[in-house]
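*Asks:*
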Amino acid sequence: GGEEKEDGGDGMGGDDESKAREMSYRLITTDISRTFPIFSFFQKECPMHFQLKSILLAQAFYQPKLGYVQGMSYLAGHLLFYMDVYQTFVTFSNLLSTPFMRAFLSLDASNPQIIERYALYQALLRDNVPDLSRHFDEEGIAPDMYFLEWSLTLFCKRLPLEVVGRVWDLFFVLGELTVFKTAVAILTILKPKLLGEPFGKILKGLATLPQTIKVEHLCQAINRVKVTTAFKRRFMMLGVDSAVAPPPPSRGTSKMLDKNDENKHG
Numbered sequence: 390g391g392e393e394k395e396d397g398g399d400g401m402g403g404d405d406e407s408k409a410r411e412m413s414y415r416l417i418t419t420d421i422s423r424t425f426p427i428f429s430f431f432q433k434e435c436p437m438h439f440q441l442k443s444i445l446l447a448q449a450f451y452q453p454k455l456g457y458v459q460g461m462s463y464l465a466g467h468l469l470f471y472m473d474v475y476q477t478f479v480t481f482s483n484l485l486s487t488p489f490m491r492a493f494l495s496l497d498a499s500n501p502q503i504i505e506r507y508a509l510y511q512a513l514l515r516d517n518v519p520d521l522s523r524h525f526d527e528e529g530i531a532p533d534m535y536f537l538e539w540s541l542t543l544f545c546k547r548l549p550l551e552v553v554g555r556v557w558d559l560f561f562v563l564g565e566l567t568v569f570k571t572a573v574a575i576l577t578i579l580k581p582k583l584l585g586e587p588f589g590k591i592l593k594g595l596a597t598l599p600q601t602i603k604v605e606h607l608c609q610a611i612n613r614v615k616v617t618t619a620f621k622r623r624f625m626m627l628g629v630d631s632a633v634a635p636p637p638p639s640r641g642t643s644k645m646l647d648k649n650d651e652n653k654h655g
């Protein structure tokens, strides 16, 4: 007659799982109001605040081993602008299960999948903007200082919303190559403002200047990014097409979303 427990399916012990969920809950609660802060969509008094919270909590419950990683609120929040709660959850879960996202969400600097993606990105930058690439090397600007965040949030945190929408369209059609090309395109546009600047000014520029980029300029710059045969060959070795969607959400996860959806409309 005891309570039926759902297995998270991640091979974690009960104590570990509940600690992971507790940590995720704390991070989620803190992060939601900070998501897209220039808008008021996710502030505490707004309905979308509760929708986003339900999606992030359901995801942490569904895949406790992955839990919540800062930046996820931007991914789910952006999807929520276009979909209902359940569709957002399914798309969000599938997105997190792609090899690209799995690599960066590990936040493990020694993960070969992250190391190789950094190396690929630097190669593409070198091929397209050699002078800026060289200047970044001289100033000690490494990909984990900006490209990691751009990747984890798929540019949501730094580009204007209408520009992000276009980048995501390309990402869903063409896959993770879009992320590499978009990052290089951003730096091509920002090059006049970054070249010759010292370490601190470059980092500040990388955090603030992308907000000034117009959608047509970025699309043109993405189209102009050269992808060499050597890059393509190395890129294909990542196994980028091997994404496996997780199993459908369990009854308990679906109920969490339905309950929160009712609260929203009620």
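Just so you know, we're using my numbering here: the sequence shown kicks off at 390 and counts up by one.
Yeah, the Cβ is synthetic: ideal placement off N, Cα and C, and Gly gets one too.
Grab me the residues of Leu537's own chain with a C-beta within less than 7 Å of its C-beta, minus the 5 sequence neighbours each way, in chain order.
*Replies:* Around Leu537: Phe493.
*Asks:* Check Phe425 in the structure and name its three-state DSSP category.
*Replies:* Of the three classes helix, strand and coil, the one that applies to Phe425 here is coil, per DSSP.
*Asks:* Identify, in the order they occur along the chain, each residue of the same chain with its Cβ nearer than 6 Å to the Cβ of Met437, setting aside the five sequence neighbours on each side.
*Replies:* Excluding sequence neighbours, Met437 sits near Phe430 and Phe431.
*Asks:* At the level of alpha carbons, what is the spacing between Arg679 and Phe560?
*Replies:* Nothing about residue 679 can be reported from this structure: the residues present for the chain run from 390 to 655 only.
*Asks:* So, are the CB atoms of Leu598 and Leu579 less than 8 Å apart?
*Replies:* A contact, by the Cβ cut-off of 8 Å.
*Asks:* Go ahead and label Met472 buried or exposed: buried means 16 or more other beta carbons lie within 10 angstroms of its beta carbon, across all protein chains shown.
*Replies:* The residue in question, Met472, is exposed, as its Cβ has fewer than 16 Cβ neighbours within 10 Å.
*Asks:* Rounding to the nearest angstrom, what Cα-Cα distance links Ala409 and Tyr457 in this structure?
*Replies:* Ala409 and Tyr457: Cα-Cα distance of roughly 9 Å.
*Asks:* Three or more C-beta pairs under 8 Å: does that hold for the stretch 446-453 against the stretch 472-489?
*Replies:* The stretch 446-453 is in contact with the stretch 472-489.
*Asks:* Let me know if Ala465 comes out buried or exposed under the rule of 16 or more other beta-carbons within 10 Å of its beta-carbon.
*Replies:* Buried is the call here.
*Asks:* Could you spell out the range, first to last residue, of the alpha helix (DSSP H) harbouring Asn500?
*Replies:* Where Asn500 is concerned, there is no enclosing alpha helix (DSSP H), given that its DSSP letter is neither H nor E.
*Asks:* Going along the chain, which residues of its own chain have a beta-carbon closer than 6 Å to the beta-carbon of Glu393, five neighbours each way excluded?
*Replies:* Note on Glu393: pLDDT 38, under 50, position unreliable in the model; no value is reported.
*Asks:* Can you name, in chain order, every residue of its own chain whose Cβ lies under 6 Å from the Cβ of Ile503, other than the five neighbours on each side?
*Replies:* Excluding residues within five positions, the ones whose Cβ falls inside 6 Å are Ala492.
*Asks:* Using the rule of at least 16 other Cβ atoms within 10 Å of the residue's Cβ for burial, across every protein chain shown, is Glu562 buried or exposed?
*Replies:* Checking the displayed sequence, the identity of residue 562 turns out to be Val instead of Glu. By the neighbour-count rule (16 or more Cβ atoms within 10 Å), Val562 is not buried but exposed.
*Asks:* Measure the alpha-carbon distance for Arg613 versus Tyr414 and round it to whole angstroms.
*Replies:* The straight-line gap from Cα to Cα measures roughly 43 Å.
*Asks:* Taking C-beta to C-beta, are Ala610 and Thr577 nearer than 8 Å?
*Replies:* Yes, these two residues count as a Cβ contact at 8 Å.
*Asks:* Taking just the CA atoms, how far does Ile602 sit from Asp405?
*Replies:* Cα to Cα, the separation comes out at about 44 Å.
*Asks:* Under the rule that 16 or more other beta-carbon atoms within 10 Å means buried, what is Ser443, buried or exposed?
*Replies:* Classification for Ser443: buried.
*Asks:* Helix, strand or coil for Tyr350 per DSSP?
*Replies:* In this structure the chain extends from 390 to 655, so residue 350 is not present and cannot be described.
*Asks:* For Glu565, which of Ala498, Thr617, Ser495 and Thr487 has the nearest alpha-carbon?
*Replies:* The shortest Cα separation from Glu565 among Ala498, Thr617, Ser495 and Thr487 belongs to Thr487.
*Asks:* For Leu509, I'd like the list of residues in its chain whose CB is within less than 8 Å of its CB, leaving aside the five on either flank, ordered along the chain.
*Replies:* Only Phe569, Phe620, Arg623, Phe624 and Leu627 meet the Cβ criterion.
*Asks:* As a quick exercise: from Leu455, His524, Ser422 and Lys454, pick the residue whose alpha carbon is nearest that of Ala441.
*Replies:* Checking the displayed sequence, the identity of residue 441 turns out to be Leu instead of Ala. Nearest C-alpha to Leu441: Ser422.
*Asks:* Can you grab the Cα-Cα spacing for the pair Val604 / Met490, in whole Å?
*Replies:* The straight-line gap from Cα to Cα measures roughly 24 Å.
*Asks:* Once you ignore the five residues that flank Ala596 on each side, which residues in its own chain have a CB closer than 8 Å to its CB?
*Replies:* Result list for Ala596: Tyr535 and Arg547, in chain order.
*Asks:* Can you look up Gln452 in the DSSP assignment and give me helix, strand or coil?
*Replies:* In the structure shown, Gln452 sits in coil (DSSP, three-state: anything other than H, G, I, E or B).
*Asks:* In this structure, how does DSSP classify Gln432 when only helix, strand and coil are distinguished?
*Replies:* Coil at Gln432, not helix or strand.
*Asks:* Skipping 5 residues on each side, what residues in its chain have a beta carbon closer than 7 Å to that of Leu496?
*Replies:* Contacts found: Val458.
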